[in-house]
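Under the working numbering, think of the first position of the sequence shown as 17, with each following residue one higher.
Even for Gly, the Cβ is constructed at its ideal location relative to N, Cα and C.
Written out below as structure tokens is the structure these notes cover.
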Amino acid sequence: MKKFRKVLDGLTTSSPGGTIGSPSCGSAAGTPTAGPTPREIDIQETLVSENFQLCKTVRHGFPYQSTALAFDPVQKILAIGSRSGGVRILGRPGVDCYCQHESGSAVLQLQFLINEGALVTACADDTLHLWNLRQRRPAVLHSLKFNRERITFCHLPFQSKWLYVGTERGNTHIVNIESFVLSGYIIMWNKAIELSTKTHPGPVVHLSDSPKDEGKLLIGFESGTIVQWDLRSKKADFRIYYDEAIHSVSWHHEGKQFMCSHSDGSLTLWNLRNTSKPFQVTFPHGKIQKDGRKESCKPILKVEYKTSRNSEPFVIFSGGLSYDKAGRRPTLTIMHGKAITVLEMDYPIVEFMALCETPYNNEIQEPYAVVVLLEKDLIVVDLTQSNFPVFENPYPMDIHESPVTCTAYFVDCPPDIIPVLYSIGAKHKKTGYSQKEWPISGGTWTIGSHTYPEIIITGHADGSIKFWDASAVTLQMLYKLKTSKVFEKPKPGEGRGAEMVEEDPFAVQMVSWCPQSRIFCVVGISAHVILYRFSRFDANTQIVSLEVRLQCESEDVITPSENENNPCFSEPSSHSPQPHYQHPSSPSSGTPEGVKEGIPYLKVKDRVVRVPPGYQAELVIQLLWADGEPPQQITSLDVNSAYGLLAFGNCNGLVVVDYLQKTILLCMSTLDLYGAADPYQRLTRSPRRNRQSTSGLIELSDNQQSVDMEKSKSPTSAHYPTSLHNDPRVLPEPVASLRASHCSPVYYLLDNVKGPGRKLSLPTDLKTDLDHVNGHCTSPTSQPCSAGKPRVPVGPEGPRLARRGPGRPPFRKAQSAACMEISLPVSHTEENRENSFSRSRSSSVSSIDRDTKEAITTLQFGESYVRKSDILPTPCLWVGTSLGVVLLIPMSIPTDEEERMEELVTVGPCGAVLMLKGSVLRFGFLDCMGAFIQSPYEVWRDLNAPEDPDRPRRRKLVHFSPSSSQDAYGEGHLAVLCSERQAKVFLMPSQSCLFVHNITESSFVLRADVVSVCNSICLACFCANGHIMMLSLPSLRPLMDVSYLPLTDMRIARTFCFTNGGQALYLSSPTEIQRITYSQEMCDNLQEMLGELFTPIETPEAQNRGFLKGFFGGNAHNFDREELFGEAAAGKASRSLAQHIPGQGGMEGMKVGASGAVGELARARIALDERGQRLGELEERTALMMTSAETFSKHAHELMLKCKDKKWYQL
């Protein structure tokens, strides 16, 4: 065997790989006796650590737990604050920015510096922050922390640099926005109210300056006290004491009236001429009862009083409904003249705001829309039309319409797929929206040069699937698919259907999509798989349904002597309309009376149905109930359009389906897949062998009451055969070539010596040092499959109890991925042997877990070498299990199209067996040049399109054979295997382990993907401790290791996914998708990809008030706040009252912890670009001033010449 040269890693360091072909790397010891000898592998890796940098790019969806709202009427941008300290700033489509306070405190209030490119946020930790919006990534310029008082309300007058801050004690402070320091001018609560008042007025709930006079400040206290404070004379003009608590106040634009909303559901209108009592009191939703009393109403939380030039004023408020109507939805009421319109909302109202034409509060407001912030939605109501329609929201605010349960991310999709999906999805859009343009239209955004087709797929709890266009930094829904339409609706009172009415039986668990062939597979929580084909035409179709019994019970495990006469194959019932494929390792036995066998969770529609264009269901595969217990949830899925095959597995075994012929090719337990190649020491039939192999193991019997531990040698001391394929126990070829048909399914027992009576013995080195993550301690791929427990007795409640038996937890209301329970693996003590594949177990059991099942955790079809002696690659299925074992199952697939539809696919016995530590997560394949080998696929063809005699529809397959393009580099390919603990690279067909890298010892990998970055390939890993790591391929050299996001929620584990181009995403909250990049190149180009929040716009001029209004309307424009609040007049505030904290400012958005010289150069380049841009703007302004001066000089000279010779009386 020729020597191999290690893969070059760009440096001269040695690779961390183990010895090639060593047993410790999971390959069989010794040199293959046949097959070609691979030539030297010489791969120059191009990726280095400077190619990687981690940063957030953009966040999509509705801001989770929103708390505050603000709008800039000149810039036309909207800001939304949240309970977690986040701020989303929205403009026109493409202008979407997310900011996060470092403290994480809830945002109480937002105030724009109108047309200034700045935003003030008040947080629950009593801190004010000033954000600079004149950069693509906003940053905090100043912060002011109040030490002794709690902030309750803020108000910033238009074109003022002084911010009024009300506190819980009832005091009002004044902050200079420019320097962010407190003024010495303070309005104390005891001076604002009368000295004779015996009670505290409560917190400040409202502050506003009078439209008539900016020197008058209206202060509203929670108790019902209202004070107008004269800022110049420092005394109260008037005080109002009302019996009901105040929630909000709104001025009439003339400054002569204001309206208040109260806790008893009333609105009071006050006139400044007479403040002794309200001018008008109304209960908009309070009716007079028969006894003459009014109904008690809920509080009106906010009111806005807006005037219109050509119609009656608008009075808009939230709340105020009567208490007697329980269950009514939240409402927004619009009173326009005598007309009262009540708009019912789907969710509680958090905040609303009327959008007006003018930013001046002393002009006619002319409201044209109302922005309503709900708990889980954002809507905008058009006020210019009498029926008040809503605007169509251009932002993806409905991601959480049904809770998200899984995600998938695809880049470099075929360019035609997005327009096709959009055209079909547009036909099903809702109607009745306002015809006017979306009013939140601020900012600028252009599609940059670094864009390519991207699609995000989300699965939801109600069974719906959404396809999103994620190109550039935007997100737009393309198409929605409802998987529940495949099934009949569960009817109440019909057995198990009655139990599922209140649940989510259609919840999507995982998806598999091939963009090239447009084949789409969905796995549901009810243990069903649906296969869809795409068509541009509607069709009448009948969905084919296959039912599979994949159940392996410990009670069915029998002794070797009892199993000698057991048949290898089981036939389905002849009277069944659908074949019930029974698992061979679970022969049909006496079923307790009253338990229904062979029942799927859901009933597929068995009639011809009309399906619209788009994705159309073709095949449904369901796992059946067995022995009174539900089927286990499916843990892995893969589909290959070139082969026409679909494979899925769970903790019981594996199923392979031919979806072209609608037949089941393989249905087998995981233990039976091994055949003679089982790497674990399990109890065999021979008593003599039994005594030799149980040393150091725990024997699990049917009714075992105690665990006997025997002291003996380590399991790793067992002798492995040189070639697994030379074992005489492997099935002979005639048996291996058996095929299954639709009418008479046949299952292969790849080991006819070891039958279904095998028992699995577990190593004794399972430890109890569990890493508890949110209370879950098992692997995400190991389902809670309990075995060996007594069966639930069946009586009147038997079926119901059995349904919630040990096989599966009861169905619960499917929640978002944030709440859906998944299990996580735990660390265990690593002893001095690498092949101790002990799995971490659940904390709910003892340190010795009695679970004997091995889950199928990942699957992938592809062409490979099954045996070491293979010369040519063949189609095969790579199978990864929860015990770290990788199996290769060969398949013989007819190549001719006609033969493919008539002849059956044959499945051979298990080939190579490779091993890793921890549950297997991902496979990837490289050729000997280091290029990624894509799985073969079929080019999409529309089966429902009209027939064209000249161009018959034939299957066009695209193969990426490992040997097709590398004749000069030798045959074979590299297989990249990644588990929860380590990654390995094997050379096929020799099965030599070239490289091995232990990814983590203290944590475990949640997600791993082989991705393309910078025209090269690497392995991306996301660990439960929050680390994101990149490993070079094939040398597995660490390129990046960043502690990014600790696993604080199961939602992240279920939804995190990597994709090509240096991108990844996860569900950051139940309503938001966070996209990130790990590519330095994309971080450098991020500035041009994001939208501009601030656009230079001239501030609209104030209306001419006229001579009389200006003369009699007070001296509002003569008010100088600087004279009153400046340090010269008011002095300095107490240093202990508030603390000024300087912000990061400037380029904070780009300072995301870049490492290496490339990041520093990128930041320097961005700084130079910005400086050059400012110099360019300055030059343009200078040129404009020079042009203006020249024009003025010219006109002055012309005027001088014109008047030169004229007398004074001629002028």
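Three-state secondary structure assigned by DSSP to residue i
i: L1140; result: helix
i: C994; result: strand
i: T651; result: coil
i: P891; result: strand
i: Q1096; result: helix
i: Q1103; result: helix
i: T62; result: coil
i: I1068; result: helix
i: R1190; result: helix
i: M1201; result: helix
i: F404; result: coil
i: P826; result: Confidence at P826 is low in this model, with a pLDDT of 37, below 50, so its placement is unreliable and the value that follows should be read with caution. Of the three classes helix, strand and coil, the one that applies to P826 here is coil, per DSSP.
i: M917; result: helix
i: E1017; result: coil
i: T215; result: coil
Straight-line gap, residue i to residue j (C-alpha atoms, nearest Å)
i: I535; j: K619; result: 23 Å
i: C793; j: L1022; result: Reliability fails at C793, whose pLDDT of 37 lies under 50, so the model's placement of it is uncertain and the value that follows must be treated cautiously. Going by the C-alpha atoms only, they are around 13 Å apart.
i: V485; j: H76; result: One detail in the question is off: residue 485 reads as Asp in this sequence, not Val. Distance between the alpha carbons of D485 and H76 is about 12 Å.
i: L219; j: E184; result: One detail in the question is off: residue 219 reads as Pro in this sequence, not Leu. Near 4 Å, if we compare the C-alpha coordinates of E184 and P219.
i: R248; j: H216; result: 25 Å
i: K177; j: L233; result: 15 Å
i: V1026; j: R1070; result: 18 Å
i: D554; j: A523; result: 26 Å
i: L1063; j: Q1079; result: 19 Å
i: R1053; j: V627; result: 50 Å
i: A86; j: F128; result: 7 Å
i: E320; j: E367; result: 12 Å
i: L495; j: Y438; result: The sequence as given places Tyr at residue 495; Leu does not occur at that position. Cα-Cα distance, rounded: 6 Å.
i: T447; j: W454; result: 15 Å
i: K18; j: V882; result: Low per-residue confidence applies at K18: pLDDT is 36, beneath 50, and the placement is therefore not dependable enough to give any value.
i: P925; j: E1104; result: 55 Å
i: V544; j: L562; result: For the sequence presented, residue 544 should be read as His rather than Val. Distance between the alpha carbons of H544 and L562 is about 10 Å.
Anticipated Cβ contact below 8 Å, residue i with residue j, distance rounded
i: R552; j: D958; result: 6 Å
i: I235; j: A208; result: 6 Å
i: I130; j: V90; result: 6 Å
i: I1068; j: C1037; result: Actually they do not touch by this definition, with Cβ atoms about 14 Å apart.
i: I350; j: P629; result: Not confirmed; about 40 Å, so no contact.
Burial state of residue i, where buried means 16 or more other Cβ atoms lie within 10 Å
i: S1059; result: exposed
i: Q648; result: buried
i: C1034; result: buried
i: K482; result: buried
i: K303; result: exposed
i: K829; result: Here K829 scores only 41 on pLDDT, less than 50, and its place in the model should not be relied on; the value that follows carries that caveat. K829 comes out exposed.
i: F254; result: exposed
i: S1152; result: exposed
i: T62; result: exposed
i: I463; result: exposed
i: S1228; result: Limits of the chain in this structure are 17 at one end and 1227 at the other, which puts residue 1228 out of reach.
i: D694; result: buried
CB of residue i within 9 Å of CB of residue j, strictly
i: Q125; j: F196; result: no
i: M526; j: L670; result: no
i: P383; j: K322; result: yes
i: E954; j: V974; result: yes
i: E132; j: R1137; result: no
i: I905; j: L682; result: yes
i: S7; j: I380; result: There is simply no residue 7 to check, as the chain begins at 17 and stops at 1227 in what is shown.
i: S457; j: V406; result: no
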